[in-house]
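So the sequences go chain by chain: Y and W. This note's numbering runs 27 ahead of the 1-based position in the first sequence. This note's numbering runs 27 ahead of the 1-based position in the second sequence. To start, the structure under review is shown below, and the notes come after it.
There are 2 protein chains.
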Amino acid sequence: MTTAAKHAPARPKRRNNRQGAVLDAAAARFRQHGYAATSMRDIAADAGMLPGSLYYHYPAKNALLVAVHEEGVRRIAAAVDHALAGIPELEPWRRLEAALAAHMETLLGGGDYSLVVLRDLPADDSALRARLVRLRDGYEARFKTLCRALPLTDPDAEPWLRMMILGAANWARVWYRPGGKAPAEVARQFISQLKGAPP
Amino acid sequence: MTTAAKHAPARPKRRNNRQGAVLDAAAARFRQHGYAATSMRDIAADAGMLPGSLYYHYPAKNALLVAVHEEGVRRIAAAVDHALAGIPELEPWRRLEAALAAHMETLLGGGDYSLVVLRDLPADDSALRARLVRLRDGYEARFKTLCRALPLTDPDAEPWLRMMILGAANWARVWYRPGGKAPAEVARQFISQLKGAPP
DNA sequence: GTCTATACTCTGATAGAC
DNA sequence: GTCTATCAGAGTATAGAC
Chain Y
28 MTTAAKHAPA RPKRRNNRQG AVLDAAAARF RQHGYAATSM RDIAADAGML
78 PGSLYYHYPA KNALLVAVHE EGVRRIAAAV DHALAGIPEL EPWRRLEAAL
128 AAHMETLLGG GDYSLVVLRD LPADDSALRA RLVRLRDGYE ARFKTLCRAL
178 PLTDPDAEPW LRMMILGAAN WARVWYRPGG KAPAEVARQF ISQLKGAPP
Chain W
28 MTTAAKHAPA RPKRRNNRQG AVLDAAAARF RQHGYAATSM RDIAADAGML
78 PGSLYYHYPA KNALLVAVHE EGVRRIAAAV DHALAGIPEL EPWRRLEAAL
128 AAHMETLLGG GDYSLVVLRD LPADDSALRA RLVRLRDGYE ARFKTLCRAL
178 PLTDPDAEPW LRMMILGAAN WARVWYRPGG KAPAEVARQF ISQLKGAPP
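In C-alpha cells, the structure reads:
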C-alpha cells in the first residue's frame, strides 16, 4: 500500500486468455439473466467450451460470481477514482457530481460487470453474501467521504443524502433505456434536485 | 370506476383457502430466495402439499409469479391510497411524504408480497416481463400525480424528482435493517432532502 | 492445460388413481 | 382437491483421456 494500491499492472495473469473468455461470458449472462437463471452450460456455450471445461478455471459456479463481482467493483471504482483525479478543485458538490456521473456511466454504459449494484445477493450462502456486501461497502466509502465534504446546513442529513443519491443512481438500472439522456446528465439532474437552487 | 375502484370486498374468492396457502408460500420463497432459485417443490412443502398438487391451483410456475406480483401491487396501492384518503388537505409536499411513508412501510414492513418492486424481472419471457412492468407503472402513476402537484421552481424537474424519490425508496430494500429507523422516518428524511430548508 | 463423456441430482410439469 | 408415480430435460460437478 505504499506506492500503489493496485500492485498488478492491468490484468496480471490471464494465463492463456481462455479464462478471460469464461469470465466475460459469465458476466454477460449474470447481467442479462441473473445468477440463478444462468447455467454453467450457458456460460460454457458462450465461451466456446463444454460445461466440464469451466471447472478447470473456476471451481464452482459461485466462484464465478465472486470473480465477476470483484472485477465489476474494480472497474467502477477505477472509473470514479479517475474522474475525481481529473478535478482536484475543491467545490464539493461538483466533485460529488463527477463521481456520480462516473458511477452511472459505468453502471448504465452497457458493459457487463456492472453487477456492483447487485440487487439480488445470494440468500442461501451467507458467507458469500457477506463477502460481496463487504466489497460493495468498500467501494461506497468513496461516497461517504464525498458527502461529508458537502457544506450542509444540517450535518445529520449526510447519511440520508448519501442513501438517496446511491439508491436513486442504482435504481436507474431498472428504468434507464440506452436511447435516453446520457448517464452524466441523469447524474447532474439528481444532484441538482438535492442542491436546491444554484447561486 | 364510478363508485369505487375496487369492486371486490377484500379477497373475493379464496375458494377453499388452500389456494391462499400456496400463494403465501410462493410469495415468501420468491421474496427470500428469488424466483429462479425457488422450486415448485419448495413451495409445495411450505404449503403442506406434494409438488403435483400445486398444478391444480396454478397452471405453471410463472402464473404464481404473476399472482404474487398482482397481490403485492394491490396491497401497496391500497396502503398508499388509504394514507392519502386520510389527509385530503392540500399541502402537496405533505401528501407526497405520506404516500412515500405508506409505500416504504409496506415495502420494508417485513410482509412478503413486497416484490412489487421486483428486482429481477424475468428476462427470458418478454410477455411476462411486460405484464409485470405494466402493473408497476400503473401503481407508480400515483406518484406522478403527486409530484406534478408540487410547487417546483423548475417544472422540468418533476420527472427527475420522481425518479429520485422512487429509486431511493425502492433501493432501501437493499440496505434497510428492521432494527433501524422506522420506514416513515426514512421517508420523511428523504423528502426533507429534496424540499430544502423548511419555512 | 483443455476437452470428452458422464454421473447423479433436481427441475417443471403431466396422467390418472382416490 | 389431493395424492402417487413418473417423464424428459437441465442442473452442477467429476474422472480421466488427450
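Cβ atoms here follow ideal geometry from the backbone N, Cα and C, with glycine treated the same way. Keep in mind that this is a model prediction, so the values were computed, not measured.
Would the C-beta of alanine 94 of chain Y count as close to the ligand NAP, meaning under 7 Å from any of its heavy atoms?
Inclusion of the ligand NAP in the displayed structure is not the case, the ligand content being empty and no account of it being possible.
Roughly how many whole angstroms lie between the Cα atoms of proline 78 of chain Y and arginine 56 of chain Y?
Annotation: proline 78 of chain Y to arginine 56 of chain Y spans about 15 Å, alpha carbon to alpha carbon.
Our contact map puts leucine 162 of chain Y next to histidine 96 of chain Y with C-beta atoms below 8 Å; I'd like the distance itself, whole angstroms only.
The pair is a contact, with the Cβ atoms about 6 Å apart (cut-off 8 Å).
Members of the segment 208-219 of chain Y that neighbour chain W once the beta carbon cut-off is set at 9 Å:
Within the segment 208-219 of chain Y, the residues whose Cβ lies closer than 9 Å to some Cβ of chain W are Val213, Gln216, Phe217 and Ser219, listed in chain order.
Just verifying my parser: in three-state terms, what is the DSSP assignment at lysine 208 of chain Y?
In the structure shown, lysine 208 of chain Y sits in coil (DSSP, three-state: anything other than H, G, I, E or B).
If you run the structure through DSSP and keep just helix, strand and coil, what is glutamate 118 of chain W?
Glutamate 118 of chain W: coil per DSSP, three-state reduction.
For methionine 131 of chain W and isoleucine 114 of chain W, the rounded distance between their alpha carbons:
The straight-line gap from Cα to Cα measures roughly 18 Å.
Does serine 80 of chain W pass the burial test, meaning 16 or more other C-beta atoms within 10 Å, or should it be called exposed?
Exposed, because fewer than 16 other Cβ atoms sit within 10 Å of the Cβ of serine 80 of chain W.
What is the C-beta distance between proline 119 of chain W and leucine 177 of chain W, in whole angstroms, given that I count them as a contact (C-beta under 8 Å)?
About 5 Å separates the beta carbon of proline 119 of chain W from that of leucine 177 of chain W, a gap short enough to meet the 8 Å contact definition.
Whole angstroms is fine: what's the gap from phenylalanine 170 of chain Y's alpha carbon to leucine 123 of chain Y's?
Their Cα atoms are separated by approximately 8 Å.
In the segment 64-135 of chain W, which residue ranges form an unbroken alpha helix (DSSP H) of at least 4 residues, counting only runs that do not cross its ends?
Under the rule that a run must span 4 or more residues, the alpha helix (DSSP H) segments found entirely inside the segment 64-135 of chain W read 67-74, 81-84, 88-113 and 119-135.
CB contact check: aspartate 151 of chain Y to chain W, cutoff 8 Å:
So, interface residue.
Kindly say whether alanine 184 of chain W, judged by its beta-carbon, lies nearer than 8 Å to any beta-carbon of chain Y.
At a cut-off of 8 Å between C-beta atoms, alanine 184 of chain W counts as an interface residue with respect to chain Y.
Report the residues of the segment 56-70 of chain W with a CB closer than 7 Å to any CB of chain Y, ordered along the chain.
Only those residues of the segment 56-70 of chain W whose C-beta falls short of 7 Å from the nearest C-beta of chain Y are listed: Gln59, His60, Gly61, Ala63 and Ala64.
Could you tell me which chain Y residues have their CB closer than 9 Å to the CB of tryptophan 120 of chain W, listed as they occur along the chain?
Correct list: empty, because the minimum Cβ distance to chain Y is about 14 Å.
Could you check the C-alpha separation between valine 107 of chain W and glutamine 46 of chain Y for me, to the nearest Å?
The straight-line gap from Cα to Cα measures roughly 50 Å.
List the residues of chain W whose Cβ lies closer than 7 Å to the Cβ of glycine 194 of chain Y, in chain order.
Those within 7 Å of glycine 194 of chain Y in chain W are Gly194, Ala195, Trp198 and Ala199.
How is valine 213 of chain Y classed by DSSP in three states: helix, strand or coil?
The three-state secondary structure of valine 213 of chain Y, taken from DSSP, is helix.
Selection from W/Pro186, W/Ala110, W/Arg158 and W/Gly223 that minimises the alpha carbon distance to alanine 128 of chain W
Closest option to alanine 128 of chain W, Cα to Cα, is W/Ala110.
Mark glutamate 98 of chain W as exposed unless 16 or more other C-beta atoms lie within 10 angstroms of its C-beta, in which case mark it buried.
Buried: at least 16 other Cβ atoms inside 10 Å.
Residues from the segment 150-172 of chain Y in contact with chain W, defined by Cβ distance under 8 Å
Closer than 8 Å at the C-beta level to chain W, one finds these residues of the segment 150-172 of chain Y: Ala150 and Asp151.
How about tyrosine 166 of chain Y and valine 213 of chain Y: do their beta carbons lie closer than 8 Å?
Cβ distance not < 8 Å, so tyrosine 166 of chain Y and valine 213 of chain Y don't count as in contact.
Would you give the residue range spanned by the alpha helix (DSSP H) that leucine 177 of chain Y belongs to?
It is not in any alpha helix (DSSP H) - leucine 177 of chain Y carries neither H nor E in the DSSP assignment.
Please report the residue range of the alpha helix (DSSP H) in which glycine 194 of chain W lies.
185-202 is the extent of the alpha helix (DSSP H) around glycine 194 of chain W.
7 Å Cβ cut-off: residues of chain W touching glycine 75 of chain Y
Result: empty, since nearest Cβ-Cβ is about 22 Å, beyond 7 Å.
By the criterion of Cβ-Cβ separation under 8 Å, what are the contact partners of leucine 188 of chain W in chain Y?
For a Cβ distance threshold of 8 Å, residue set Gln220 of chain Y lies close to leucine 188 of chain W, ordered along the chain.
Would phenylalanine 217 of chain W pass as a contact of alanine 184 of chain W if the rule is Cβ separation under 8 Å?
Their beta carbons are not under 8 Å apart, which means phenylalanine 217 of chain W does not touch alanine 184 of chain W by this criterion.
Run through chain Y and tell me which residues come within less than 7 Å of methionine 191 of chain W, C-beta to C-beta.
For methionine 191 of chain W, the chain Y residues whose Cβ falls inside 7 Å of its Cβ are Met191, Ala195, Phe217 and Gln220, in order along the chain.
So is threonine 65 of chain Y buried or exposed if we call it buried at 16+ other beta carbons inside 10 Å?
It counts as buried.
To the nearest angstrom, report how far apart alanine 157 of chain W and asparagine 44 of chain Y are at their CA atoms.
The alpha-carbon atoms of alanine 157 of chain W and asparagine 44 of chain Y are separated by roughly 39 Å.
Starting from aspartate 51 of chain W, trace the alpha helix (DSSP H) both ways and give me its first and last residue.
45-60 is the extent of the alpha helix (DSSP H) around aspartate 51 of chain W.
Assuming glycine 223 of chain Y and glycine 223 of chain W make a contact with CB atoms under 8 Å, what is their CB distance in whole Å?
That pair is a contact at about 4 Å.
Amino acids of chain Y, ordered along the chain, whose beta-carbon sits closer than 9 Å to that of glycine 206 of chain W
Proximity of chain Y to glycine 206 of chain W at the Cβ level (cut-off 9 Å) is not reached, the minimal Cβ distance being about 15 Å.
Against chain W, with Cβ distances strictly below 8 Å, would glycine 223 of chain Y count as a contact?
At least one CB of chain W lies nearer than 8 Å to the CB of glycine 223 of chain Y.
Sequence-distant residues of the same chain with beta carbon closer than 8 Å to glycine 75 of chain Y, five excluded per side
Excluding positions up to five away in sequence, the list reads Ala48.
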